[in-house]
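2 protein chains.
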Amino acid sequence: MVNIGDVARAAGVSRSTASYALSGKRAISEEVRQRVEDAVRDLGYTPNAGARALATSQTRVIGLLAQFLPDEFAPAMLQYIMGVSNTARELGYDTLLVSDEDHERALTRITRSRMVDGVVLLNVAENDDRLPILRAGTHPAVLVGVPADCTGVDVFDLDFEEAGRLMVDHLHRLGHREIILISPPEHVVERGGAYVWRLRNAAVEHARLRGITFHAVSGPARQPEIGREVAALLDAHPDATGLLLNNEAAVAALPTVLHERGLRSPANLSVLGRYSDEFARTFSLPFSFVESAPDRLGRMAVRQLVRRIENPSAAQEPHVIRFISPEIVDRGSTAAPHRGPVR
Amino acid sequence: MVNIGDVARAAGVSRSTASYALSGKRAISEEVRQRVEDAVRDLGYTPNAGARALATSQTRVIGLLAQFLPDEFAPAMLQYIMGVSNTARELGYDTLLVSDEDHERALTRITRSRMVDGVVLLNVAENDDRLPILRAGTHPAVLVGVPADCTGVDVFDLDFEEAGRLMVDHLHRLGHREIILISPPEHVVERGGAYVWRLRNAAVEHARLRGITFHAVSGPARQPEIGREVAALLDAHPDATGLLLNNEAAVAALPTVLHERGLRSPANLSVLGRYSDEFARTFSLPFSFVESAPDRLGRMAVRQLVRRIENPSAAQEPHVIRFISPEIVDRGSTAAPHRGPVR
DNA sequence: GAGAATAGTCGAACCGATTCGACAAGTGGG
DNA sequence: CCCACTTGTCGAATCGGTTCGACTATTCTC
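So the sequence lines, in the order shown, correspond to chains H and S.
Using the UniProt record's numbering, read the first sequence as starting at 1 and increasing by one per residue.
Using the UniProt record's numbering, read the second sequence as starting at 1 and increasing by one per residue.
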């Protein structure tokens with residue numbers, strides 16, 4: 001394998017000169033710089049990442065910790081991963097994907113061994129066991145998802161509370177007075193998935209203020225159970241005219257459920273979901289929804305992480321919590337409720 | 001940061017002794033080994049990955065090259081990634097995820113800089129531009145997907161030709177004599193997605209031998225276009241009693257299409273797809289299908305890659321092309337065709 | 001025209017591991 | 001009792017970069 005010594009010899013200079021010629025950290029005559037670059041090209045030189053990491057304590061790799069939880073909706077995960085990975089690459093970083101079951105050990109491993117310059121954590125729980133490890137170390141970290149204690153880390157997420165209010169208000173303005181909200185399974189909450197109750201509580205409270213009859217339930221994240229659950233809910237609340245979905249599996253199941261009962265949206269039921277544009281497109285979901293923008297969140301997270309990594313003064317800046325504002329993508333699945341029962 | 005020198009000092013031995021105590025590559029007295037291990041624990045020592053890579057020329061990282069092509073069905077990708085990443089971790093490797101647009105440069109970069117010990121390529125095209133780069137280098141590589149020229153690499157894939165025959169035979173045995181096959185878009189073929197024509201050609205040929213009227217078409221991989229296309233196809237071939245799907249988007253669209261036209265499977269139409277079990281579960285697809293086993297393929301690929309990396313003699317072994325045999329998962333969406341037209 | 005600053009280059013140290021060869025002490029065989 | 005061998009340890013070299021300090025030659029300033 002060709003190393004910088006070979007390049008230096010071919011260019012007739014010392015190793016240090018070759019290094020400076022490539023990094024530009026000291027003045028080098030144009031002529032020498034050219035010779036070095038020619039040598040690099042001729043020999044096909046690429047710096048050894050390990051050696052460089054050893055010398056500079058920088059790896060230009062970020063760690064991406066993504067857990068694949070059996071009852072969380074998997075396809076959404078890919079978009080976060082893509083957002084992170086693509087953005088990292090644009091900024092000159094590679095992505096080390098960690099899907100280890102034991103995230104705490106994995107985190108310790110990749111940071112203490114200095115495999116990465118910083119980490120992005122997905123699927124952050126309210127009391128996430130990974131956070132103490134992070135705080136004990138010195139690596140910058142950015143979270144997607146909001147823990148109870150945000151000290152020492154930067155946090156990005158959709159504003160789920162605002163999303164809850166937005167969804168309720170949207171239906172309220174159209175005239176709906178009885179609404180169902182389907183959330184992810186209760187054990188997602190127990191595991192610390194704060195986005196579930198954030199949206200729910202805000203929605204419940206807002207509905208109360210507006211005088212709306214509100215049924216907040218959680219449903220399984222798996223087919224076909226969720227399909228049956230959705231059907232049962234529609235039966236149980238025949239007067240409900242609006243359906244809010246914070247459960248992607250429920251969204252995926254809904255078209256079939258509606259078809260089977262001969263219901264149409266928005267004629268018989270106004271439907272408003274919370275998921276990503278990509279998800280909607282892939283499955284041709286005909287429902288209006290609040291965009292959850294996983295790619296955008298991934299992008300913001302990496303941008304901030306790289307700032308912290310590269311800007312020594314940024315390390316001193318206070319940590320940020322940034323919520324992106326929910327926006328409704330109108331697909332025409334909401335309308336004023338019919339007067340009188342249509343189901 | 002604590003290094004092996006600190007450990008050695010704490011244990012009262014030399015650095016080399018500490019190293020040997022931890023690696024076990026030379027005999028070390030039980031007592032010293034214990035002291036070293038205590039020191040490691042007390043100080044929280046984790047070897048520096050860069051330094052180790054430099055010294056051993058091994059990184060214990062594998063590269064995973066996954067392209068996210070705009071018209072290929074994305075959710076399937078996650079399962080390959082999970083299969084690879086989880087298996088790698090089980091075998092003691094981390095995964096560097098490369099989603100760079102420019103895969104060729106990315107491949108050169110991660111191999112020549114020795115960031116990885118080997119690579120797994122997903123979504124391999126028939127004349128894949130990444131292969132020459134691989135052959136020019138010395139890193140072991142494993143592909144998922146079959147290129148025209150397999151020299152120098154190990155290859156794993158579903159046996160798509162056998163899958164095509166299996167699907168045709170399955171319907172033929174039930175008595176079907178007119179069948180539609182929907183493949184991915186033609187430009188997937190043009191880009192080198194050999195699995196498309198492999199399955200199609202085998203199916204066409206097999207249908208010819210069996211005297212079956214066979215309509216092989218390609219459809220878009222996007223909603224809602226694919227839904228319309230499927231509907232149009234059913235209209236265009238009213239006598240077709242069997243539908244084969246090698247296009248995941250078409251599968252996702254089918255339930256709605258069937259509902260809209262009041263068709264039921266298998267009463268009016270026998271349906272047989274080709275996708276993964278996970279995909280079927282997530283979207284509650286009620287169709288029988290040939291399991292494409294992305295997790296299993298990812299697992300096999302990594303196993304073989306690690307064998308090549310770790311076993312110096314394995315490097316000499318001839319390269320393998322291994323096809324996994326397609327198997328039908330029966331969901332009851334195929335049956336004997338009705339006599340006479342039912343649609 | 002002297003002294004200071006600048007440009008351009010080099011040698012050597014360093015980052016943190018692994019590993020080779022050397023060596024001392026202990027063990028066994030003839 | 002001597003020699004060969006094994007066991008346990010250490011010092012030093014090495015992997016391939018980066019970077020500091022030193023040095024020379026040139027340019028600038030007053």
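For glycine and all other residues, C-beta sits at the position ideal for the given N, C-alpha and C.
Everything numeric in this text was worked out from a predicted model, so none of it was measured.
Are residue i and residue j touching if we call contact CB-CB under 9 Å?
| i | j | result |
| --- | --- | --- |
| S:Gln79 | S:Glu225 | no |
| S:Thr95 | S:Ala106 | no |
| S:Asp149 | S:Pro326 | no |
| S:Leu64 | S:Leu122 | yes |
| H:Ser284 | S:Thr108 | no |
| S:Val204 | S:Leu181 | yes |
| S:Glu178 | S:Thr241 | yes |
| residue 357 of chain H | H:Arg200 | In the structure displayed, chain H extends from 1 to 343; residue 357 of chain H sits before or after that span and is not available. |
| S:Val40 | S:Val13 | no |
| H:Asn86 | H:Arg299 | yes |
| S:Asp117 | S:Thr46 | no |
| S:Val144 | S:Val120 | yes |
| S:Pro286 | S:Ser313 | no |
| H:Ala66 | H:Leu97 | yes |
| S:Ile62 | S:Leu305 | yes |
| H:Ala202 | H:Glu260 | no |
Applying the 10 Å Cβ sphere with the 16-neighbour rule, what's the burial state of residue i?
| i | result |
| --- | --- |
| H:Val302 | buried |
| H:Asn48 | buried |
| S:Val320 | exposed |
| S:Ala336 | exposed |
| S:Met82 | buried |
| S:Thr17 | buried |
| residue 349 of chain S | With chain S covering 1 to 343 only, the question about residue 349 of chain S has no answer from this structure. |
| S:Gly227 | buried |
| S:Gly157 | Before going on, a small fix: residue 157 of chain S reads as Asp here, not Gly. Its Cβ being crowded by 16 or more others within 10 Å, S:Asp157 is buried. |
| H:Ala232 | exposed |
| S:Asp102 | exposed |
| H:Gln34 | exposed |
| H:Thr282 | buried |
| H:Arg308 | buried |
| S:Thr151 | exposed |
| H:Arg130 | buried |
| H:Pro147 | buried |
| H:Pro220 | buried |
| H:Pro185 | buried |
| S:Ala216 | buried |
Is residue i a contact residue of the ligand NAD, with contact defined as CB to any heavy atom under 8 Å?
| i | result |
| --- | --- |
| H:Gly332 | This structure lacks the ligand NAD, and indeed carries no ligand of any kind. |
Of all the options the options, which has the alpha carbon lying nearest to the alpha carbon of residue i?
| i | options | result |
| --- | --- | --- |
| S:Arg222 | S:Val188, S:Val144, S:Arg331 | S:Val188 |
| S:Pro238 | S:Val251, S:Ala252, S:Phe214, S:Pro220 | S:Phe214 |
| S:Phe68 | S:Ser99, S:Arg26, S:Val36, S:Ala267 | S:Ser99 |
| H:Glu190 | H:Gly175, H:Asp169, H:Ser218, H:His176 | H:Ser218 |
| S:Leu254 | S:Leu297, S:Pro318, S:Val230 | S:Val230 |
| H:Gly211 | H:Glu31, H:Ala236, H:Gly175 | H:Gly175 |
| residue 371 of chain H | H:Asp169, H:Pro220, H:Glu30 | Only positions 1 to 343 of chain H appear in the structure, and residue 371 of chain H is not among them; the question remains open. |
| H:Glu37 | H:Ala21, H:Arg26, H:Ser29, H:Ala315 | H:Ala21 |
| residue 348 of chain H | H:Phe323, H:Pro318, H:Glu310, H:Pro286 | Residue coverage of chain H in this structure runs from 1 to 343, which leaves residue 348 of chain H outside it and unanswerable. |
| H:Met1 | S:Arg114, S:Glu90, S:Asp102 | S:Arg114 |
| S:Glu317 | S:Leu131, S:Asp154, S:Val329, S:Arg130 | S:Asp154 |
| S:Gly262 | S:Ala252, S:Leu234, S:Val84 | S:Leu234 |
| H:Ser276 | H:Glu186, H:Glu30, H:Ile328 | H:Ile328 |
| S:Ala31 | S:Ala11, S:Arg15, S:Lys25, S:Ala250 | Position check: residue 31 of chain S holds Glu in this sequence, whereas Ala was assumed. Comparing Cα positions, the closest option is S:Ala11. |
Segment contact flag, the segment 255-272 of chain H with the segment 69-80 of chain H, C-beta cutoff 8 Å, min 3 pairs: Contact fails: fewer than three Cβ-Cβ distances are below 8 Å.
Cβ pair count under 8 Å reaching 3, the segment 132-152 of chain H against the segment 163-171 of chain H: Fewer than three pairs of CB atoms, one per stretch, sit closer than 8 Å, so the segment 132-152 of chain H makes no contact with the segment 163-171 of chain H.
Cβ pair count under 8 Å reaching 3, the segment 116-134 of chain H against the segment 283-293 of chain H: Flag = no, the segment 116-134 of chain H and the segment 283-293 of chain H do not touch.
Three-pair Cβ contact test at 8 Å for the segment 52-70 of chain H versus the segment 48-59 of chain S: Verdict: yes, contact present.
Segments assigned alpha helix (DSSP H), at least 4 residues, entirely inside the segment 3-74 of chain S: Within the segment 3-74 of chain S, the complete alpha helix (DSSP H) runs of at least 4 residues are 4-11, 15-23, 30-43, 49-56.
Contact the segment 195-204 of chain S vs the segment 241-259 of chain S: 3+ CB pairs below 8 Å: By the Cβ criterion, the segment 195-204 of chain S is in contact with the segment 241-259 of chain S, since at least three pairs of Cβ atoms, one from each stretch, lie closer than 8 Å.
Beta strand (DSSP E) runs wholly inside the segment 135-211 of chain H, at least 3 long, in chain order: Segments of the beta strand (DSSP E) lying fully in the segment 135-211 of chain H: 141-144, 154-158, 178-183.
Every unbroken alpha helix (DSSP H) inside the segment 68-112 of chain S [4 residues or more]: The segment 68-112 of chain S contains these whole alpha helix (DSSP H) runs: 74-90, 103-112.
Whole runs of the alpha helix (DSSP H) within the segment 290-323 of chain S, excluding any shorter than 4 residues: List check, alpha helix (DSSP H) in window: 294-310.
Runs of beta strand (DSSP E) lying entirely within the segment 240-286 of chain S, each at least 3 residues, in chain order: Restricted to the segment 240-286 of chain S, the beta strand (DSSP E) segments that are unbroken, complete and at least 3 residues in length are 242-245, 270-275, listed in chain order.
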